[in-house]
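If you read the sequence shown in the UniProt record's numbering, its first letter stands for residue 1, the second for the next number, and so on. Cβ atoms here follow ideal geometry from the backbone N, Cα and C, with glycine treated the same way. Bear in mind that the values here come from a model prediction, so they are computed numbers and not experimental data. The structure appears below as structure tokens.
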Amino acid sequence: MTAPEQIQLENIADSDYEIFALLKQRYSPRIFKDKKITEQHLHQLFEAVRWAPSSNNQQPWRFLYAEKGSEAYRKIIDNLTDSNKIWAKNAPLLILTAYKKETEKGKENLHALHDLGIGLGAMTVQAQYMGIAMHHMAGLDYKKAQHIFNIPEDFHIVTAIALGYYGGELDDLPQKLQEKEISERQRMPQNQFAFKNSWGTDQNI
Ligand SMILES: Cc1cc2nc3c(=O)[nH]c(=O)nc-3n(C[C@H](O)[C@H](O)[C@H](O)COP(=O)(O)O)c2cc1C
1 MTAPEQIQLE NIADSDYEIF ALLKQRYSPR IFKDKKITEQ HLHQLFEAVR WAPSSNNQQP
61 WRFLYAEKGS EAYRKIIDNL TDSNKIWAKN APLLILTAYK KETEKGKENL HALHDLGIGL
121 GAMTVQAQYM GIAMHHMAGL DYKKAQHIFN IPEDFHIVTA IALGYYGGEL DDLPQKLQEK
181 EISERQRMPQ NQFAFKNSWG TDQNI
């Protein structure tokens, strides 16, 4: 078994309750297989977003994607924080995510971020089904990215995402990130975020 395959197995969530296998196996790697995402798979990923729910079916999500080797890819890397630059360059594909700020009636769309998130959730599960990993990144200079890519002011850039098939070489990472890559994934227990009847952690679940 190769090291990345071993990591995939060990990164399976030690969930308290049984959940869909794809959700258990998903994680955010910093290494990826050296293989271009096929056009078919890319369309399937965006199709998963397309059929996600959104407030008033306004579908405010927008994406700008670039393949490794392109000028646009280099520009996205340039906009990442230094800590993300170190590993994101391992991904064959990078995406900038954005949402349209206003509703069709010209009012602030207070649910646009929710809609982008639920669309990305759908994309993440579809990706997992196809053996594709997604590592979301808030660490980017979104204002600079907006300027460099001439993205109109009525859209807000939210994250960048590194995408690629699971795999790759641990040696592509500096020692510290290698350790992070194989460390156990942690979560807060349900009673810290799901409250029954009244807000608080004591008498719940
Ligand atoms: C909106 C968002 C922003 C994130 N930003 C970063 C980031 O800038 N750099 C990074 O290395 N990971 C980033 N992550 C990944 C999280 O750190 C990761 O999902 C979390 O630690 C849980 O690990 P897991 O996805 O492997 O289960 C981000 C995730 C999300 C959803």
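On the three-state DSSP scale, how would you describe residue i?
i           : result
R30         : coil
Q130        : Reading off the sequence shown, one finds Met at residue 130, where the question assumed Gln. Here M130 sits in coil by DSSP.
R187        : coil
residue 206 : Because the chain here runs from 1 to 205, residue 206 falls outside it and cannot be looked at.
F149        : coil
F193        : coil
L110        : coil
A162        : strand
For residue i, which residues in the same chain have their Cβ closer than 7 Å to its Cβ, ignoring the five residues on either side in sequence?
i    : result
D172 : I31, N90
A98  : R62, I151, F155, H156, I157, V158
Is the beta carbon of residue i less than 9 Å from the beta carbon of residue j?
i    : j   : result
I151 : L64 : yes
D141 : T81 : yes
A122 : A52 : yes
Can you give me the Cβ contacts of residue i inside the same chain, cut-off strictly under 6 Å, excluding the 5 residues immediately before and after it?
i    : result
Q178 : L170
S28  : H135
M130 : H41
For residue i, count neighbouring C-beta atoms within 10 Å of its own C-beta (all shown protein chains included) and say buried if the count is 16 or more, exposed if not.
i    : result
W199 : exposed
D78  : exposed
A127 : buried
T38  : exposed
Please work out which residues of its chain come closer than 8 Å, Cβ to Cβ, to residue i, disregarding the five sequence neighbours upstream and downstream, and give them in chain order.
i  : result
T2 : G167
For the region 79-92 and the region 160-168, state whether three or more C-beta atom pairs, one from each stretch, are separated by less than 8 Å. yes
Any contact of the region 150-162 with the region 126-137, i.e. 3+ C-beta pairs under 8 Å? yes
Three or more C-beta pairs closer than 8 Å, one from the region 100-113 and one from the region 52-62: is that the case here? yes
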